[in-house]
Every structure is written in C-alpha cells, then in structure tokens.
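To start, the structure itself, in structure tokens.
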Amino acid sequence: MEWETMLSKYEGSRITVWIEDLSGEELTQPKPFTLFKTALTDNRTCLKFYFNADQFLSVPLFDDSLTKLERSQSRDCFVSHDLQANLRYHICFEERV
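Take the sequence shown: its position 13, counting from 1, is numbered 13 in full-length UniProt numbering, and each next residue is one higher.
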C-alpha cells in the first residue's frame with residue numbers, strides 16, 4: 001500500500017499518538033501532536049510521522065493484516081502491530097478528511 005500518499009491528506013491535522021505495550025509491562029498515555037508530514041524510509045520498511053521539520057516517530061510497516069487504516073464514523077486511525085517488539089502503534093487523526 002502507498003501509505004505516504006494516502007496519509008499526506010492528513011498533514012496539518014491534529015493527531016493522537018499512542019504506542020501500546022502488549023506485554024503489559026508498561027502503561028503509556030496517548031499524546032496529542034500536529035502532523036507535519038509523513039515520509040517512507042529509504043528501504044520502505046517504516047513510515048515516519050513528523051511532528052515538525054526535525055522530530056518524528058518511525059512506525060514499522062507490515063502486510064495488510066498487521067498495518068492498516070481503521071476508519072470509523074468519528075475518526076481514522078493508522079494502526080501497525082509489531083509482533084516482534086510486542087508493540088501496537090496507533091496514530092489517530094482527529095479530523096476526518
């Protein structure tokens with residue numbers, strides 16, 4: 001899937017970022033940001049979510065069953081489940097585009 005192109009329409013939108021630790025060892029809290037831009041890494045294995053020109057979160061990309069865009073009536077969420085690290089990344093777009 002061409003994630004960079006699909007998610008570029010959300011640039012400038014408010015997002016909520018949450019990295020869920022599926023081992024249950026650490027509880028994390030969702031944090032709000034503004035999405036500056038998205039960019040694929042050179043090897044196309046991760047998608048960078050930029051919060052400004054320099055700071056970003058790199059999220060691993062997997063096949064469609066582990067990395068997907070979940071759409072609901074209220075908002076869209078990019079979700080990627082990293083089985084090896086036992087983490088699930090949630091980037092929820094607060095404005096539907």
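We put the beta carbon where it would ideally sit given N, CA and C, even for glycine. Every value quoted in this text rests on a predicted model; they were computed, and no experiment measured them.
Between the alpha carbons of Leu66 and Tyr89, how many angstroms are there, rounded?
Sequence index remark: in the sequence shown, residue 66 carries index 66 (1-based). Sequence index remark: in the sequence shown, residue 89 carries index 89 (1-based). The alpha-carbon atoms of Leu66 and Tyr89 are separated by roughly 10 Å.
Assigned secondary structure, Ser80 (DSSP; H/G/I helix, E/B strand, else coil)
Start at 1 with the first residue of the sequence shown, and residue 80 comes out as number 80. DSSP places Ser80 in strand when its eight states are reduced to three.
Trp71 and Cys92 closer than 8 Å at C-beta
Within the sequence shown, residue 71 is the residue found at index 71, counting from 1. Within the sequence shown, residue 92 is the residue found at index 92, counting from 1. Inspection of the sequence shows that residue 71 is occupied by Arg rather than by Trp. No, these two residues do not count as a Cβ contact at 8 Å.
Return the Cβ separation of Thr38 and Lys31 in integer angstroms, given the expectation that the two are a contact with Cβ distance under 8 Å.
Here residue 38 is taken as the residue at index 38 of the sequence shown, counted from 1. Here residue 31 is taken as the residue at index 31 of the sequence shown, counted from 1. Actually they are not in contact, since the Cβ atoms of Thr38 and Lys31 sit about 17 Å apart, beyond 8 Å.
Apart from the five residues just before and just after Glu4, which ones in its own chain have a Cβ nearer than 8 Å to its Cβ?
The residue you call residue 4 lines up with position 4 of the sequence shown. Once the five neighbours on either side are set aside, the close Cβ partners of Glu4 are Thr38, Ala39, Leu40 and Leu47.
Can you tell me the Cβ-Cβ gap for Phe33 and Val17, rounded? I've got them flagged as a contact below 8 Å.
By one-based count along the sequence shown, residue 33 stands at place 33. By one-based count along the sequence shown, residue 17 stands at place 17. With a beta-carbon spacing of about 6 Å, Phe33 and Val17 fall inside the 8 Å limit used to define contacts.
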